[in-house]
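Just below is one structure, and these are the notes that go with it.
Numbering (the numbering used here), first residue to last: 8 to 392.
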């Protein structure tokens, strides 16, 4: 027979106390360190410190109404319970970002492989030929799809790329436009791109004129560049060939913000005569990630190659005459000539651009077209619903 024992019951209850509390992970000051700091200040306690630093009018005189502390496991369980109340809906917001399928081979071998983790292009070409090869593939893919002559190894996002295009063309204004300080931005551009352009333009004294590209009178405005969206933010597809030709007659350069997947089926901006093509490569196998990160692209004509922002990977030869890859035209960059750099935003999105280039290689030209045709077909079905 087991007799009742208060001591035994109390010790058994101790077994129920969680041992995975957050306090044990706290890396703040110890009691002795706190006392040392109080001694230096000439204050006896933390309460005394609060009394002497926080005005009585705003000081709390009672403890915070907080629930009892939880263990790490219990806190996670409660958070999961709260999250389970969320209703998951499919996003149709668009504006340049689209959910896509990340091929498992790319997810496992690139996205989940720490060996690829970096936002930067490699400075030591001797030990980074594989990474440089992947970035060269990215540049080649962008050149093929945009129809232009040169592309960089990615930028931060589409808005940043648009701002870089704005500043590059401002520095390379055509004869007769040297004093022009206005850039026209189509109202059909994505709203986040317009916001970044406004932010970047303000300290530079550039005026951002937003309107309908079909109605703008280019001869009546002090405009040095246009920014157009292709396809438009609402999904419309415009052929910009005529407006680009008209702009060029007036010495105005044209930036086209474009969708890579759409370009597998549409006439390329390069064919239309665009001077710069920018956009995001997110839908080439990169998860949306609640808004980022994603790799932007920036392509332009050969005449702007010494003014293009970001890194450019080029093909060279090593000391033994073998094919080797390296960063090219580096004299325009801030780590060579800080004051005269063409851009001081040279951080890229290398991990995501490598993913996008691998996605293109994985599917091939015909596979990308098939995906684009399926997206187009599903869009038509949605429009008819």
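For every residue, glycine included, the Cβ atom is placed at its ideal position computed from N, Cα and C.
Local conformation of residue i per DSSP, three classes
i           : result
residue 219 : coil
residue 96  : coil
residue 395 : Absent from the model: residue 395. The displayed extent of the chain is 8 to 392, so no value can be given.
residue 8   : For residue 8, the predicted model reports a pLDDT of 46, less than 50, meaning its position is unreliable and no value from the coordinates is stated.
residue 231 : strand
residue 254 : helix
residue 260 : strand
residue 28  : strand
residue 340 : strand
residue 52  : coil
residue 78  : strand
residue 350 : strand
residue 239 : coil
residue 87  : helix
residue 200 : helix
residue 179 : coil
residue 34  : coil
residue 327 : coil
residue 369 : helix
residue 377 : helix
residue 298 : helix
residue 148 : helix
residue 1   : Nothing in the structure corresponds to residue 1, since the chain is present only between 8 and 392.
Beta-bridge partners of residue i, as assigned by DSSP
i           : result
residue 333 : 321
residue 116 : In DSSP, residue 116 forms no bridge with anything.
residue 191 : 216 and 233
residue 157 : 307
residue 162 : 303
Status (buried if at least 16 other CB within 10 Å, exposed otherwise) for residue i
i           : result
residue 260 : buried
residue 129 : buried
residue 317 : buried
residue 282 : buried
residue 379 : buried
residue 9   : With a pLDDT of only 48 at residue 9, under 50, the local geometry of the prediction cannot be trusted, and the value read off the model is given with reservation. Looking at its Cβ environment, which holds fewer than 16 other Cβ atoms inside 10 Å, residue 9 is exposed.
residue 237 : buried
residue 356 : buried
residue 67  : exposed
residue 350 : buried
residue 344 : exposed
residue 89  : exposed
residue 138 : buried
residue 184 : buried
residue 99  : exposed
residue 51  : exposed
residue 342 : exposed
residue 170 : buried
Anticipated Cβ contact below 8 Å, residue i with residue j, distance rounded
i           : j           : result
residue 27  : residue 85  : With 8 Å as the limit, residue 27 and residue 85 do not qualify as a contact, their Cβ atoms being about 14 Å apart.
residue 293 : residue 235 : The Cβ separation is near 24 Å, so there is no contact.
residue 337 : residue 104 : About 32 Å separates the two Cβ atoms, so there is no contact after all.
residue 367 : residue 375 : 6 Å
residue 152 : residue 272 : The pair is not a contact, with the Cβ atoms about 11 Å apart (cut-off 8 Å).
residue 187 : residue 244 : Not confirmed; about 29 Å, so no contact.
residue 81  : residue 121 : 31 Å between Cβ atoms; not a contact.
residue 141 : residue 149 : The Cβ separation is near 13 Å, so there is no contact.
residue 209 : residue 308 : 28 Å between Cβ atoms; not a contact.
The ligand PLP heavy atom lying under 7 Å from the CB of residue i
i           : result
residue 322 : With respect to the ligand PLP, the structure shown offers nothing to examine, as it has no ligands at all.
Every unbroken beta strand (DSSP E) inside the stretch 262 to 296 [3 residues or more]: 283 to 287
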